[in-house]
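A short worksheet on the structure shown next.
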Amino acid sequence: MLSQLAISFTLALLPLTLAQGDLSAANNLTDLEGTWSSNSAVSTGGTFCSPAEMKFDYPTNTGMSYSFTNDGKFEEAQYRYNSNGSNPACIQAVLIWQHGTYTLEDDGSIVLHPFGSDGRVQVQDPCAATTNIITYYDEVTTFKDWGIIVDPDTGNYQLRLNKFDGSKLPYMNLIAKPPNMLPTQTLTGVNASGQTNTRKRSLTSSPLDIFKRSSASNRASIGYNQVIAVGGVVGTVMVGLLALV
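Using the working numbering, the first residue of the sequence shown is number 6, and each one after it goes up by one.
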């Protein structure tokens, strides 16, 4: 009979174990509860996003973080750059925050259901007609499968998520348990008592010196790709108006 130490070592070497729609499933070394991050500079909770103030605080580095509770709540924080192969100077800085509930499906997937009024996205693009856009963000997310292993290099629990198309997200290490999260109920819009929470709008400065300091707001609740499309349409209209002058 293998010793407990040998069993733990064998499990640590497993490349990726998929869940079966049950947090207590024996094929995961621990449950989802906690805050997971690909880079400790980016974490849910704290000051990453203040949704009521329409404001982000820029981390010192890019990364992504997800937090989960065992009663079905989640929070997401992302900070990333999108490069432009045709024009290297046109780097987009993107910050995303949302929270809500999640479900574990029988096919092993995880589906995130955000609170539509709370999600926020900020896009800064030095080459767009409007260089700084902050708006609402509401995007249901499906992870095709997931697994928790022990990272053989650090000995820490590591969460591995695959997107809906099977492509892999960066591995995320467990950095807090219980998780670091903002309150898990709706924070803006109409709250549980039926009262309307107020929203203040403000923008943070960009960490990229090449960005101009213009800003705009959009009241629509949209996903990231739609934000980029809106910026392109605005640019086209402005060029047409200039041509008429």
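Here a beta-carbon is modelled for each residue, glycine too, at the ideal position from N, C-alpha and C.
I need the straight-line Cα distance from Lys168 to Thr52, nearest angstrom please. Approximately 27 Å, taken between the alpha carbons.
Check whether the segment 182 to 192 and the segment 58 to 73 are in contact - that is, three or more C-beta pairs closer than 8 Å. Here the segment 182 to 192 makes contact with the segment 58 to 73; the two share three or more CB pairs at distances below 8 Å.
Taking C-alpha atoms, which residue in Asp76, Asn137, Lys149 lies nearest to Ile96? Out of Asp76, Asn137, Lys149, the CA that lies nearest to the CA of Ile96 is found in Asn137.
Measuring CA to CA, which of Ala94, Phe61, Gly68, Ile180 is closest to Arg85? If we check each option's Cα against that of Arg85, Gly68 comes out closest.
Please classify Thr146 as buried or exposed, where buried requires at least 16 other C-beta atoms within 10 Å of its C-beta. Thr146 is buried by the Cβ-count criterion.
Would you check if the distance between the CB atom of Tyr107 and the CB atom of Gly77 is smaller than 8 Å? Yes; because the gap between Cβ atoms is below 8 Å, this pair is in contact.
Can you find the residues in the same chain that come closer than 8 Å, C-beta to C-beta, to Asp158, ignoring five residues on each side of it along the sequence? The beta carbon of Asp158 sits closer than 8 Å to none of the beta carbons in its chain outside the five residues before and after it.
Helix, strand or coil, according to DSSP, for Glu58 in the structure here? Correct three-state label for Glu58: helix.
Only counting the same chain, and skipping five residues up and downstream in sequence, which positions put a Cβ closer than 7 Å to that of Asp123? Only Pro56, Gln103, His104, Thr191, Leu192, Thr193 meet the Cβ criterion.
Measuring alpha carbon to alpha carbon, tell me which of Gln83, Met177, Tyr176 ends up nearest Arg125. Selected option, being the one with the closest Cα: Gln83.
What residue range is occupied by the uninterrupted beta strand (DSSP E) comprising Gln190? From DSSP, Gln190 is part of no beta strand (DSSP E); its letter is neither H nor E.
Counting along the chain, where does the beta strand (DSSP E) carrying Asp112 start and finish? Careful: Asp112 lies outside any beta strand (DSSP E) and carries neither H nor E.
Use the C-beta contact count for Ser91: other C-beta atoms within 10 angstroms, 16 or more gives buried, fewer gives exposed. Counting C-beta atoms within 10 angstroms of its own C-beta, Ser91 has fewer than 16 neighbours from the protein chains shown and is therefore classed as exposed.
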